[in-house]
Every structure is written in structure tokens, then in C-alpha cells.
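Just so we're aligned, residue 1 is where the sequence shown starts under full-length UniProt numbering, counting upward by one.
We put the beta carbon where it would ideally sit given N, CA and C, even for glycine.
All values reported here derive from a predicted model rather than from experimental measurement.
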Amino acid sequence: MLKNLKPRLKELEVQELLSYSVFPDPDQVNQAIQEYETQETLFLSGYEDEEQLVGLIGYEHTGPSEITIRHIAVLPENRFKNYGRGMISQLLAAHNPDTLIAETDHEAVEFYRNSGFIVYSLGELYPGVERFRCVLEKEDEQDE
């Protein structure tokens, strides 16, 4: 179950996890922390396994039935254990959006593709760095 991490933003383990989802620069981490502290529209949740924080997901509601993932990270030693997909599944179950969106780089694009997202290249938004928009649409329920 996802737990609210906003009250724990000053904890080193939360900051370390957050650092895995931003450009590895202390200023970027501090900026993300400040945004989560000051913006009520941003949410930061974590997933614990055996009382250890192993992953986090930061998001915002960007439309009536749309959520944008701002940050997602799993401790390196716990990657490839489906924690990332689990956090996305729990986010979907809790909020039931029609659309879930993320923007990412080449390093994480396969994670989203393998999680059912449709991936679109945004081109080089930064010199030498291709970015991707990943979109997961709710499947239409059809009566047979």
C-alpha cells in the first residue's frame, strides 16, 4: 500500500530515492523537495517492504481524469522486482484516471513500455538528450 511521504521529505532515505528520479544534482533534488513541500497539488507516495522504503512515486492531477507522474524511483538493489509496476497499479486503483502520463529519458523508457504505456518520442528537448512521453489510457469496458 502506498504511504504519504510528504511529512517525511526531510528524511535522507526519501531524499536518496528522489535523487534517483532526477538529474543527479543536489540542486535538482532540493528543487523537487521544495515543490512537494509547497504545492498542494503534488503528491509523493512511497512503498515499503518489510518496513524499508523501497520506492516512491510523485504525481499530480493534471486534468479531470488525468494524472501525470512527476517522479518514480526504486532503490537500485530492489529494481526488477516489480515495485515500480506495483506503485503504478496502486496509483491507478486509488484514483482510477482515464489517462496516466509520464515524461522520461532513454534509460527508463523501456520500463514504461513494458508496463503498458504507449511511448512517443519528443525529440531532443535538451542537447543530446532524447525525451519520451509515455501514455497509459484506461481500456474501454465493452458490453458483449
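Residue i classed as buried or exposed, judged by whether at least 16 other C-beta atoms fall within 10 angstroms
{"i": "Gly63", "result": "exposed"}
{"i": "Leu122", "result": "exposed"}
{"i": "Glu51", "result": "exposed"}
{"i": "Tyr126", "result": "exposed"}
{"i": "Ile69", "result": "buried"}
Straight-line Cα distance separating residue j from residue i
{"i": "Ala93", "j": "Phe23", "result": "29 Å"}
{"i": "Leu136", "j": "Leu100", "result": "5 Å"}
{"i": "Leu5", "j": "Val129", "result": "30 Å"}
{"i": "Tyr120", "j": "Gln31", "result": "27 Å"}
{"i": "Asn82", "j": "Asp98", "result": "22 Å"}
{"i": "His61", "j": "Gln90", "result": "15 Å"}
{"i": "Asn114", "j": "Glu35", "result": "29 Å"}
{"i": "Asn78", "j": "Ile33", "result": "23 Å"}
{"i": "Ala73", "j": "Ser65", "result": "24 Å"}
Within 8 Å, strictly: CB atoms of residue i and residue j
{"i": "Arg133", "j": "Glu110", "result": "no"}
{"i": "Glu43", "j": "Gly55", "result": "Note that residue 43 is Phe in the sequence shown here, rather than Glu. Going by C-beta atoms, Phe43 is not nearer than 8 Å to Gly55."}
{"i": "Asp105", "j": "Arg85", "result": "no"}
{"i": "Lys3", "j": "Ser45", "result": "yes"}
Three-way DSSP call (helix, strand, coil) for residue i in this model
{"i": "Thr104", "result": "strand"}
{"i": "Asp49", "result": "strand"}
{"i": "Glu130", "result": "strand"}
{"i": "Val29", "result": "helix"}
{"i": "Leu136", "result": "strand"}
{"i": "Phe43", "result": "strand"}
{"i": "Lys81", "result": "coil"}
{"i": "Lys10", "result": "coil"}
{"i": "residue 146", "result": "Because the chain is modelled from 1 through 144, residue 146 falls outside the range shown and cannot be assessed."}
{"i": "Gly86", "result": "helix"}
{"i": "Asn114", "result": "helix"}
{"i": "Leu75", "result": "coil"}
{"i": "Leu5", "result": "coil"}
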